[in-house]
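Chain order of the listed sequences is S and V.
Numbers 0 to 306, taken from numbering that gives the first Met the number 0, label the letters of the first sequence in order.
Numbers 0 to 306, taken from numbering that gives the first Met the number 0, label the letters of the second sequence in order.
We put the beta carbon where it would ideally sit given N, CA and C, even for glycine.
Below you'll find the structure, written out as structure tokens, and then a few comments.
2 protein chains.
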Amino acid sequence: MSFSITILGSGAALPTGRRNPTSQYIFCNNRHILIDCGEGTQMQLRKYGIPFQRISHIFISHLHGDHFFGLPGLLSTMNLLGRNRGVTIYGPAQLKDILKQLFECGGQKLMFKLNFIPTSTDGEQILFEDRLIKITSFPLKHRIPTTGFRIQEKQKEYRLNPDAIEKDHVPIEFFHRLKKGESPTNEQGKILNFTKYTFPPKPSLSYSYCSDTAYFEDLIPFIEKSTLLYHEATFLEKESDRAKLTFHSTAKEAAIIAKKADVNHLVLGHLSSRYNEQDSHLSEAQIEFEKTTIAEDGLKIDLLKIN
Amino acid sequence: MSFSITILGSGAALPTGRRNPTSQYIFCNNRHILIDCGEGTQMQLRKYGIPFQRISHIFISHLHGDHFFGLPGLLSTMNLLGRNRGVTIYGPAQLKDILKQLFECGGQKLMFKLNFIPTSTDGEQILFEDRLIKITSFPLKHRIPTTGFRIQEKQKEYRLNPDAIEKDHVPIEFFHRLKKGESPTNEQGKILNFTKYTFPPKPSLSYSYCSDTAYFEDLIPFIEKSTLLYHEATFLEKESDRAKLTFHSTAKEAAIIAKKADVNHLVLGHLSSRYNEQDSHLSEAQIEFEKTTIAEDGLKIDLLKIN
């Protein structure tokens with residue numbers, strides 16, 4: 000089991016030498032996921048040694064350029080490198096036509112299947128689900144339709160208690176059902192209660208991603224108790240007028256959301272290029288929520304370690 | 000008078016850590032010009048300290064992503080930084096709609112005027128002209144419609160010969176016409192022959208840009224006697240089959256074009272990511288054309304120095 004995020008771009012609309020536009024790589028239970036894809040994402044993936052041909056799911060939060068202008072180039076590069084495994088893109092419906100037009104005008108035929116799942120800002124939507132994880136979207140409050148995403152591990156298996164199993168000579172064929180939390184009956188008609196033979200599952204981790212958004216308490220139910228919350232903090236409180244005007248958040252507001260949603264850890268990103276340092280963001284946020292980190296390009300956070 | 004080019008991206012379709020996709024900045028007689036704008040161009044402009052708000056003319060050779068995927072981001076950044084001076088883009092007609100759609104979907108209104116001049120592959124076209132320079136396009140041979148560009152200084156003024164002028168007491172009011180190569184008549188009815196009072200003009204410099212193209216002798220008339228020729232050299236001769244298939248050139252072919260066009264200096268770029276070194280390109284080219292340089296990101300060439 001693995002669950003980590005790598006920040007590929009921690010900046011806002013104006014890239015700087017230090018902060019690229021928004022993109023994050025998520026490695027979760029052997030799934031390789033990209034969230035947002037600002038200009039230069041393919042170079043960042045290469046820089047940080049991420050095997051980007053393994054990425055098969057790309058989530059785009061909204062159609063501001065700093066969140067998707069790197070997508071055509073990334074798909075083009077995947078194609079040129081001989082990809083044949085499909086890619087699924089989740090994002091606003093218009094994105095499908097944009098990509099189509101961009102590849103058509105260049106006469107470029109993708110040699111892999113490009114699936115497109117349109118997102119909606121109508122409440123919570125399940126975008127992806129398998130045996131181990133579930134990915135949902137939920138509405139944010141921005142100038143154009145924007146969604147956040149949550150990647151949630153499903154409940155894990157109960158862990159066998161070897162001592163109890165050995166003592167009662169529980170046969171191996173019942174292990175599978177016990178791990179699922181079921182209580183099978185053995186050949187002698189005795190119920191094998193799973194609570195006797197197992198320990199509780201390891202906790203299920205989850206990562207929530209909120210970019211870009213004004214302060215928006217309505218999103219709290221969708222991100223509650225996340226192991227890690229990424230929330231944009233484009234501004235500081237002293238620029239709160241500017242934050243309101245542009246539908247962005249301050250570091251303090253992001254931290255209040257983290258506190259109210261009772262998350263475990265907070266990482267702040269999308270910092271405006273006007274700030275040359277990040278200590279002010281950190282101290283402003285930590286008044287409200289202690290366990291805060293400021294995103295930097297290349298930062299990797301292992302959710303297993305912060306849980 | 001100044002005339003220099005800066006290579007912002009010297010790579011081909013697949014960017015590497017060392018070579019960004021194609022883009023070049025030209026500073027010519029106080030005009031700030033960009034040719035092609037691959038992904039990451041705005042970051043490269045920043046990296047090399049180029050004042051990109053001064054760029055008012057952007058030329059796009061064709062609609063393969065590695066030549067224009069950085070354009071939406073650059074325009075967006077210009078806008079966010081408060082630009083109000085217009086930008087003129089010269090490129091394939093479809094590019095206008097692409098940009099329109101990209102900005103509309105993000106709800107982004109450009110606060111400066113975006114002029115668009117469609118290019119054509121129908122022979123030579125004059126795209127821009129002022130008192131000092133002329134910029135033309137000409138067709139290349141690629142998989143989709145593609146043009147090269149030539150930036151040409153117009154004939155410069157004749158330079159006054161101070162000794163001859165002093166000797167004959169030529170009044171100052173005739174200097175202007177003499178410098179233009181005219182022979183005015185003075186108050187005594189005497190013709191002041193400009194050849195007597197001036198030296199020939201300094202040579203007019205020109206830069207020709209050919210990317211991407213197969214070996215194509217038809218382009219020679221359009222680039223003849225350029226001070227500097229940029230020609231793509233995606234491949235080496237040992238990959239000539241691949242070059243033909245993809246409508247690209249080898250280093251040798253580019254050098255033959257330079258020789259036949261009688262240019263002064265050649266710079267080769269658009270090197271495929273398969274090559275880790277560039278010495279093979281250089282030696283292959285120099286068999287045909289000695290004065291060859293291999294482009295690298297950040298390379299600046301002053302045309303006054305190589306003339």
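Contact set for V:M0: own chain, Cβ-Cβ below 7 Å, skip 5 residues either direction: If we look at V:M0 and ignore the five residues flanking it on each side, its Cβ neighbours are N28.
Alpha carbon to alpha carbon, what distance is there between V:Q151 and S:L228? Their backbone Cα atoms lie some 56 Å apart in a straight line.
Starting from S:S182 and walking both ways along the beta strand (DSSP E), at which residues does that stretch end? In this chain, S:S182 is not harboured by any beta strand (DSSP E), its DSSP state being neither H nor E.
On the DSSP bridge list, what partners appear for V:N114? Note: V:N114 sits in a beta bridge opposite V:T87.
Using a 10 Å radius around the Cβ and a threshold of 16 neighbouring Cβ atoms, would you call S:R53 buried or exposed? By the neighbour-count rule (16 or more Cβ atoms within 10 Å), S:R53 is not buried but exposed.
By the DSSP assignment, the alpha helix (DSSP H) with V:Y196 in it spans what residues? Segment F193 to Y196, the alpha helix (DSSP H) holding V:Y196.
Quick one: what does DSSP say S:F102 is sitting in, helix, strand or coil? Here S:F102 sits in helix by DSSP.
Quick one: any contact between the segment 265-285 of chain S and the segment 239-251 of chain S, if contact means 3 or more CB pairs under 8 Å? Short answer: they touch.
Who does S:K299 pair with in a DSSP beta bridge? As DSSP reads the structure, S:K299 sits in a beta bridge with S:T5.
Write down the C-beta distance between S:N78 and S:F111 rounded to the nearest angstrom, noting that I regard them as a contact closer than 8 Å. Between S:F111 and S:N78 the Cβ distance is about 7 Å, and since that is below 8 Å, they are a contact.
Using the C-alpha atoms, what's the distance from V:L80 back to V:G39? Taking the straight line from one Cα to the other gives about 17 Å.
Taking the alpha carbon of V:G147 as the point to measure from, which residue in V:E295, V:T76, V:I300 and V:I222 has its own alpha carbon closest? Shortest Cα-Cα distance from V:G147 to any of V:E295, V:T76, V:I300 and V:I222 involves V:I222.
Coarse secondary structure for V:K258, derived from DSSP in three states: DSSP places V:K258 in helix when its eight states are reduced to three.
Since S:I6 contacts S:E295 with CB under 8 Å, what's their CB separation in whole angstroms? Beta-carbon to beta-carbon, S:I6 and S:E295 are separated by about 7 Å, close enough to satisfy the 8 Å threshold.
In DSSP terms, what V:T249 is bridged to: Beta-bridge partners of V:T249 (DSSP): V:F234.
Would you call the CB atoms of S:N114 and S:G69 closer than 9 Å? One thing to note: S:N114 has its Cβ no nearer than 9 Å to the Cβ of S:G69.
For V:D129 and chain S, any beta-carbon pair shorter than 9 Å? Judged by the 9 Å Cβ criterion, V:D129 is not in contact with chain S.
Hey, is V:A213's beta-carbon within less than 9 Å of any beta-carbon in chain S? No, its Cβ sits nowhere closer than 9 Å to a Cβ of chain S.
Hey, would you say V:D217 sits closer than 9 Å to V:T233, going by beta carbons? In this structure, V:T233 does not lie closer than 9 Å to V:D217 by Cβ.
Interface residues of chain V facing S:R45 [CB-CB closer than 9 Å]: Under the 9 Å cutoff, chain V gives P14, T15 and G16.
Give the straight-line distance between the Cα atoms of S:E181 and S:A163, rounded to the nearest whole angstrom. Near 16 Å, if we compare the C-alpha coordinates of S:A163 and S:E181.
Which residue spans inside the segment 146-226 of chain V form an unbroken beta strand (DSSP E) run of at least 3? Within the segment 146-226 of chain V, the runs of beta strand (DSSP E) at least 3 residues long that lie entirely inside it are, in chain order, 146-152 and 205-209.
Under 8 Å from the C-beta of S:G64: neighbouring residues of chain V: Chain V residues near S:G64: P71, G72, S75, L101, G105 and Q107.
With which residues is V:Y229 paired in a DSSP beta bridge? DSSP lists V:Y208 and V:V266 as the bridge partner or partners of V:Y229.
Minimum Cβ-Cβ distance from S:N83 to chain V less than 9 Å: No, S:N83 lies away from the interface with chain V (no Cβ there is under 9 Å from its Cβ).
Around the Cβ of S:F173, are there at least 16 other Cβ atoms within 10 angstroms (buried) or fewer (exposed)? Classification of S:F173: buried, given that the 10 Å Cβ count is 16 or more.
Would S:E38 count as contacting chain V if we go by Cβ distances under 9 Å? Taking Cβ atoms only, chain V reaches closer than 9 Å to S:E38, which makes this a yes.
Span separating the alpha-carbon of S:L131 from that of V:T245: Going from the Cα of S:L131 to the Cα of V:T245 covers about 44 Å.
Have a look at V:S271, V:D301, V:S55 and V:K140 and flag the residue whose alpha-carbon is nearest the alpha-carbon of V:G8. Looking at the Cα atoms, V:S271 is the closest of the given residues.
S:L79: contacting residues in chain V (beta-carbon distance under 7 Å): At a C-beta separation below 7 Å, S:L79 has these neighbours in chain V: A12 and L13.
Just the chain V side, please: which residues come within less than 9 Å of S:R53 by C-beta, in chain order? The contacting residues do not exist; S:R53 stays about 17 Å from chain V at best.
Taking the continuous alpha helix (DSSP H) assigned at S:S75, which residues delimit it? Taken as a continuous stretch (DSSP letters only), the alpha helix (DSSP H) holding S:S75 covers L70 to L79.
Which of the three DSSP states is assigned to V:H63 in this structure? Correct three-state label for V:H63: coil.
Would a C-beta distance cut-off of 9 Å place V:A92 and V:P117 closer than the cut-off? The beta carbons of V:A92 and V:P117 sit closer together than 9 Å.
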